[in-house]
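First up is the structure itself, then whatever we jot down about it.
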């Protein structure tokens, strides 16, 4: 930029134009730096705001997850409805269920006395309980009998729907060091206890959408002793948990 400044000129005595450096360049540089600082400040403020929003959304999601309805299906195998009803007064957990919710007889599968009625054996009933759920949901299995997951459900098999479990606690019957096998199947009772404990811990910690628990000892007692006093005595021991 140029300035008009007076200079001595013997010939005319008029002003002359002299080119002299001005500070416009320096001012521009300062403006650029200030602008960059402002942009950085705006970016940081926006980033902080985004982090706050994401954190609040996560908190909301967690709260919704905690309040979302969950399903816990417990199969205590081998106990018929009449046994449960006859000994209900001896089982604190059954009384709590009746106080909080209710008790009723039910069945799984098709309609009774209809072409959709399944055979009265374990596997079809288990499959109804295990597979009728949204595949996007988290599902967990706690089982004294590993075949429930490997064979009846067919975990990971395309023909079985590629069902996978997010949490699984089974296979304890193969650990004969921790659970030595005996003729009275006491080891099955001990495994049922282990499965029960793992169930409580996992549900409290992770809260899967659908949890399926299978306990076997009462089924062994039923096969061994039938609908007898032995089975009746064993049922409260297991269901009290």
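In the working numbering, the protein residues as written are 22 to 262. Note that CB positions come from ideal geometry on N, CA and C, so glycine has one too. What you are looking at is a predicted structure, and each value in this text was computed from that prediction instead of being measured.
Label residue 170 either buried or exposed according to how many other C-beta atoms from any shown protein chain fall within 10 Å of its C-beta, with 16 as the threshold for buried.
-> Start at 1 with the first residue of the chain shown, and residue 170 comes out as number 149. Buried, since its Cβ has 16 or more Cβ neighbours within 10 Å.
Indicate whether residue 122 and residue 239 have their beta-carbon atoms separated by less than 9 Å.
-> What you label residue 122 is simply residue 101 of the chain shown in a count that begins at 1. What you label residue 239 is simply residue 218 of the chain shown in a count that begins at 1. Taking a C-beta distance under 9 Å as the contact criterion, residue 122 and residue 239 do not qualify as a contact pair.
Specify, as a first and last residue, the run of the beta strand (DSSP E) that residue 179 falls within.
-> Here residue 179 refers to the residue found at position 158 when the chain shown is read from its first residue. For residue 179, there is no enclosing beta strand (DSSP E), since its DSSP letter is neither H nor E.
Short Cβ contact (9 Å threshold) for residue 229 with residue 187 = Sequence index remark: in the chain shown, residue 229 carries index 208 (1-based). Sequence index remark: in the chain shown, residue 187 carries index 166 (1-based). A contact, by the Cβ cut-off of 9 Å.
If we call anything under 9 Å between Cβ atoms a contact, is residue 200 one with residue 211?
-> The residue given as residue 200 occupies position 179 in the chain shown. The residue given as residue 211 occupies position 190 in the chain shown. Yes, the Cβ-Cβ distance between residue 200 and residue 211 is below 9 Å.
If you check the beta carbons only, do residue 248 and residue 101 fall under 9 Å apart?
-> Along the chain shown, one-based indexing puts residue 248 at 227. Along the chain shown, one-based indexing puts residue 101 at 80. Yes.
Residue 208 burial status per 10 Å Cβ neighbour count (16 or more: buried) | Position 187 of the chain shown, counting from 1, holds the residue named residue 208. The residue in question, residue 208, is buried, as its Cβ has 16 or more Cβ neighbours within 10 Å.
Return the residue from the list 53, 250 and 224 that minimises the CA-CA distance to residue 163.
-> Numbered from its first residue, the chain shown carries residue 163 at position 142. Among 53, 250 and 224, the Cα nearest to that of residue 163 belongs to 224.
Whole angstroms is fine: what's the gap from residue 112's alpha carbon to residue 206's?
-> Reading the chain shown from its first residue, position 91 is the one you call residue 112. Reading the chain shown from its first residue, position 185 is the one you call residue 206. Near 23 Å, if we compare the C-alpha coordinates of residue 206 and residue 112.
Separation of residue 194 from residue 134, as counted between CA atoms = The residue labelled residue 134 in the question sits at position 113 within the chain shown. The residue labelled residue 194 in the question sits at position 173 within the chain shown. Going by the C-alpha atoms only, they are around 37 Å apart.
Can you round the beta-carbon distance between residue 161 and residue 189 to whole angstroms, since I take them to be within the 8 Å contact cut?
-> Position 140 of the chain shown, counting from 1, holds the residue named residue 161. Position 168 of the chain shown, counting from 1, holds the residue named residue 189. With 8 Å as the limit, residue 161 and residue 189 qualify as a contact, their Cβ atoms being about 7 Å apart.
Cβ-based burial, residue 241 [other Cβ within 10 Å; buried from 16] = The residue labelled residue 241 in the question sits at position 220 within the chain shown. With 16 or more Cβ atoms within 10 Å of its Cβ, residue 241 is classed as buried.
Over the uninterrupted beta strand (DSSP E) stretch that includes residue 235, give me the two end residues.
-> Residue mapping note: residue 235 aligns to position 214 of the chain shown, counting from 1. Unbroken beta strand (DSSP E) run through residue 235: 231-236.
Compute the Euclidean distance between the alpha carbons of residue 168 and residue 235, then round it to the nearest angstrom.
-> Numbered from its first residue, the chain shown carries residue 168 at position 147. Numbered from its first residue, the chain shown carries residue 235 at position 214. Roughly 11 Å between the two C-alpha positions.
Over what stretch of residues does the alpha helix (DSSP H) that includes residue 266 continue unbroken?
-> Because residue 266 is not part of the residues shown, which for the chain are 22 to 262, the question remains open.
Apart from the five residues just before and just after residue 176, which ones in its own chain have a Cβ nearer than 7 Å to its Cβ?
-> The sequence position of residue 176 within the chain shown is 155, counting from 1. Excluding positions up to five away in sequence, the list reads 170, 184, 185 and 186.
Tell me where the alpha helix (DSSP H) around residue 102 begins and ends.
-> Start at 1 with the first residue of the chain shown, and residue 102 comes out as number 81. Note, residue 102: alpha helix (DSSP H), 102-108.
Which of helix, strand or coil DSSP assigns to residue 161 = Residue numbering aside, residue 161 sits at position 140 when the chain shown is read from its first letter. Looking at residue 161 - three-state DSSP - the assignment turns out to be strand.
Which value, in whole angstroms, describes the spacing of the CA atoms of residue 219 and residue 132?
-> As a working note, residue 219 is residue 198 in the chain shown. As a working note, residue 132 is residue 111 in the chain shown. Computed Cα separation, rounded: 35 Å.
Thinking residue 266 and residue 231 are a contact (beta carbons under 8 Å), I'd like their distance in whole angstroms, please.
-> Nothing can be reported for residue 266: it is not among the residues displayed for the chain, which extend from 22 to 262.
How should residue 216 be labelled, buried or exposed, when 16 other C-beta atoms within 10 angstroms of its C-beta is the threshold for buried?
-> For the purposes of this step, residue 216 is taken as the residue at position 195 of the chain shown. The Cβ neighbour count for residue 216, taken over all protein chains shown within 10 Å, is at least 16; the residue is labelled buried.
Residue 188 bridges to which residues according to DSSP?
-> By 1-based counting over the chain shown, the position of residue 188 is 167. BP columns for residue 188 point to 161.
Per-residue DSSP class, three states only, for residue 112 | Numbered from 1 along the chain shown, position 91 holds the residue referred to as residue 112. Here residue 112 sits in coil by DSSP.
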